[in-house]
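This report refers to the structure that appears directly beneath it.
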Amino acid sequence: MRTDIDQPALLDIEAGDSVDDEEYGCPDQVFGTADFDDDRPLRPINWNLLTADEALVEWLDLDEWVDWLRKSFGLPPTVVPPLWHRHDELVWELSALHTHWLNAYDSEGTPSGPIGWLRDFHEAKNRLREWVSLCGTRLDHDRRTRQTVWPGEDPIEPAAEVEVVDRKADFYLFVRDDVAARRAIEEQVRAAA
């Protein structure tokens, strides 16, 4: 596992902070380099089971790759919206697509791997469009994915829309909170042992 990520820089970001290259540096300078070809074995990512340190690395790798993907293929926000990271359905889909891409373009992989990835990517774009449509996130506004309340469950307060002002700052804040929540669970488990 990589250890070159500057975690204190992540933990200093607060809600409402603006993140730009002058103030925080590019992601590589703030968090270390997200390396697609590091020494970690290629494996599916189960976001439910990652430790805080693993999640930090995976979030940063996935974010860098998603940014590359949307720019390389000219993907509109109806396929990959700015706040994709706030929607589990998009995280799981993009994470699976990322792992598949890593495998397809592995230097020791089969020469037909890339064409298989491109075929599967075409299908994944349709699923991403459907996920984005269902969750209601857009280029300039976002809301929590609606949940259907089953009979006997407590009602869920409708989520208010928020304006998307600074995607990068929102991502860093989201990751900081996710990593902190995972650390709290790890500490509870250690304390109970």
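Residue 20 in the UniProt record's numbering sits at position 20 of the sequence shown, and the numbers go up by one each step.
The beta-carbon is built from N, C-alpha and C at its ideal position, and this holds for glycine as well.
These numbers were taken from a predicted model, which means no experiment stands behind them.
Residues of its chain near E58, where Cβ-Cβ distance is below 7 Å and the 5 sequence neighbours each way are ignored: Walking along the sequence shown from the start, residue 58 turns up at place 58. I45, L50.
Buried versus exposed call for V175 [16 or more other C-beta atoms within 10 Å across all chains shown]: One-based indexing of the sequence shown puts residue 175 at position 175. Flag for V175 reads buried.
With 16 other Cβ atoms within 10 Å as the buried cut-off, status of W84: The residue given as residue 84 occupies position 84 in the sequence shown. So W84 counts as buried.
Any 3 or more C-beta pairs closer than 8 Å across the region 178-193 and the region 101-108: no
Rounded C-alpha distance that separates G109 from L139: The residue labelled residue 109 in the question sits at position 109 within the sequence shown. The residue labelled residue 139 in the question sits at position 139 within the sequence shown. Roughly 36 Å between the two C-alpha positions.
Candidates P81, T145, L173, S95, of which the one nearest R43 by Cα: Working through the sequence shown from its first residue, we reach residue 43 at position 43. Measuring from the Cα of R43, the nearest candidate turns out to be S95.
Whole-number beta carbon distance between T148 and H87, since they are thought to touch under 8 Å: The residue given as residue 87 occupies position 87 in the sequence shown. The residue given as residue 148 occupies position 148 in the sequence shown. H87 to T148, Cβ: 16 Å. No contact.
Exposure of E93, with buried meaning 16 or more beta-carbon neighbours within 10 Å: Counted from its first residue, the sequence shown places residue 93 at position 93. It counts as buried.
Burial state of V79 (16 or more Cβ within 10 Å): As a first step, residue 79 must be located in the sequence shown, where it is residue number 79. V79 is buried by the Cβ-count criterion.
Neighbourhood of residue 194 by C-beta, 8 Å cutoff - its chain only, sequence neighbours within 5 removed: Examination of residue 194 is not possible in this model, given that the chain is present from 1 through 193 alone.
Where the alpha helix (DSSP H) through L60 begins and ends: Within the sequence shown, numbered from 1, the residue matching residue 60 stands at position 60. Run containing L60: 52-72, per the alpha helix (DSSP H) assignment.
Residue range of the unbroken alpha helix (DSSP H) whose run includes E186: Position 186 of the sequence shown, counted from the start, is the residue given in the question as residue 186. 167-192 is the extent of the alpha helix (DSSP H) around E186.
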